[in-house]
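Peer 1: The structure follows.
Protein chains: 2
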Amino acid sequence: MKDRLSATFSALSDPTRRAILARLSEGEASVTELHEPFSSDMSLPAITKHLKVLENAGLIQKTKAAQWRTCSLNPEPLKEASDWIEQYSLFWEESLDRLDEYLKDIQKKNKKG
Amino acid sequence: MKDRLSATFSALSDPTRRAILARLSEGEASVTELHEPFSSDMSLPAITKHLKVLENAGLIQKTKAAQWRTCSLNPEPLKEASDWIEQYSLFWEESLDRLDEYLKDIQKKNKKG
DNA sequence: TGGTTAATTAACCAAATGGTAAATTAATGA
DNA sequence: TCATTAATTTACCATTTGGTTAATTAACCA
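The following block contains the structure:
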């Protein structure tokens, strides 16, 4: 049994799966919807397999309604991955400036809405 | 040819390789030194292979002196991975508080010297 | 009921992955 | 020179990975 962090990084190591997560970050979607952008060069069963990998890593969740399978993003494993990488952030110099700027950005957005 | 981000996440998907990076975060080390913590259950050639994966992903660099191969951490790909994950940070709620705290921590350390 | 839609499973494939033991190469030094 | 140390390569292995096509299952609806 693969540990959670390994499963997460492994899931993220494929471009198709990263693109799927990007799509889900905008809102939940059905399997067919997720397949659409890749339909010219990838089969639906291939997408099903990718989703299985993402689900096993805990990165997505599926809900079932009739013949529909709706997928949604679960950010928890991403946060764990981010936390792991964070221990190395002291190694890049601009870290302080970037975080400062990013933080201010978020505070602005939060105050607006 | 695998794209850089995929190679990075793929490299990070193995616990041994993450442990190697953790060791290198404390300072550069020879192949034998990196092998030592694993020597009871993993061969030296296996470590060589892992290092090859890390090197191909750009996560480490090797310098050569006589029969010695010294490995050191390269944080750039980690930063790229962190940046990629960062786009999802809005999905976890404590992000703002954590970043704020972290930033203050770093500023304290920098002011000390 | 039978056709349609959505999704999954089964069977297959080539390549990649994490290991091993043995052999080889590179460098040192008695 | 030959033994020792450090590291890599070779050859092998079982398993996993990203795909495919065909078949099957689940659900809807005229």
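Going down the list, the sequences are from chains A and B. What the first sequence shows, in this note's numbering, is residues 1 to 113, in sequence order. What the second sequence shows, in this note's numbering, is residues 1001 to 1113, in sequence order. Glycine included, each C-beta is placed from N, C-alpha and C at the ideal position. Values in this document were obtained by computation on a predicted structure and should not be read as measured data.
Do A/I85 and B/L1078 have their C-beta atoms closer together than 8 Å?
Peer 2: Their beta carbons are under 8 Å apart, which means A/I85 touches B/L1078 by this criterion.
Peer 1: Quick check on B/K1064: does DSSP put it in helix, strand or coil?
Peer 2: Residue state, collapsed to three classes: strand.
Peer 1: Give me, in chain order, the residues of the same chain whose beta-carbon lies closer than 6 Å to that of A/D8; leave out the 5 immediate sequence neighbours on both sides.
Peer 2: Per the sequence shown, the amino acid found at residue 8 of chain A is Thr instead of Asp. Once the five neighbours on either side are set aside, the close Cβ partners of A/T8 are A57, P77 and A81.
Peer 1: Is there a Cβ of chain A sitting closer than 8 Å to that of B/A1081, yes or no?
Peer 2: Yes, its Cβ sits closer than 8 Å to a Cβ of chain A.
Peer 1: Classify B/L1034 as buried or exposed, calling it buried when 16 or more other Cβ atoms lie within 10 Å of its own Cβ.
Peer 2: Looking at its Cβ environment, which holds 16 or more other Cβ atoms inside 10 Å, B/L1034 is buried.
Peer 1: For B/L1073, does the three-state DSSP call read helix, strand or coil?
Peer 2: Note: B/L1073 maps to strand in three-state DSSP.
Peer 1: For chain A, check one thing: does any of its Cβ atoms lie closer than 8 Å to the Cβ of B/F1038?
Peer 2: Chain A, which has no Cβ nearer than 8 Å to the Cβ of B/F1038, makes this no.
Peer 1: Determine the DSSP secondary structure at A/A19, reduced to helix, strand or coil.
Peer 2: Reduced to three states, the DSSP call for A/A19 is helix.
Peer 1: Would you say B/G1113 lies against chain A (beta-carbon separation less than 8 Å)?
Peer 2: Since pLDDT at B/G1113 reaches only 41, below the 50 mark, its modelled position is unreliable, and the value read off the structure follows with that caveat. Closer than 8 Å: no.
Peer 1: State buried or exposed for A/S39, treating a residue as buried only when at least 16 other CB atoms are found within 10 Å of its CB.
Peer 2: Answer is exposed; the Cβ neighbour count stays below 16.
Peer 1: Looking only at its own chain, which residues have a Cβ that is under 8 Å from the Cβ of B/P1037, when we skip the five neighbours before and after it?
Peer 2: A1019 and R1023, listed in sequence order.
Peer 1: Looking at the C-beta of B/I1085, does it have a partner C-beta in chain A at a distance below 8 Å?
Peer 2: Output row for B/I1085: interface = yes.
Peer 1: Quick one: is B/P1077 near chain A, going by C-beta distance under 8 Å?
Peer 2: No, no contact with chain A.
Peer 1: What residues of chain A sit near B/D1003, judged by a beta carbon separation below 8 Å?
Peer 2: Chain A residues near B/D1003: P15.
Peer 1: Identify whether B/A1057 lies in helix, strand or coil by the three-state DSSP scheme.
Peer 2: Reduced to three states, the DSSP call for B/A1057 is coil.
Peer 1: Am I right that A/S6 and B/P1045 are in contact with their C-beta atoms under 8 Å? What's the rounded C-beta distance?
Peer 2: In fact, because the Cβ distance is near 22 Å, the residues do not count as touching under 8 Å.
Peer 1: Is the beta carbon of B/R1069 less than 8 Å from the beta carbon of B/S1043?
Peer 2: Going by C-beta atoms, B/R1069 is not nearer than 8 Å to B/S1043.
Peer 1: For A/W92, tell me which candidate among B/Q1087, B/D1083, B/Y1088 and B/W1092 has the shortest Cα-Cα distance.
Peer 2: It is B/D1083 whose Cα lies nearest to the Cα of A/W92.
Peer 1: Let me make sure I understand the geometry here. Which of B/V1053, B/S1089 and B/E1028 has the alpha-carbon closest to that of B/S1072?
Peer 2: When each option's Cα is compared against that of B/S1072, the closest is B/E1028.
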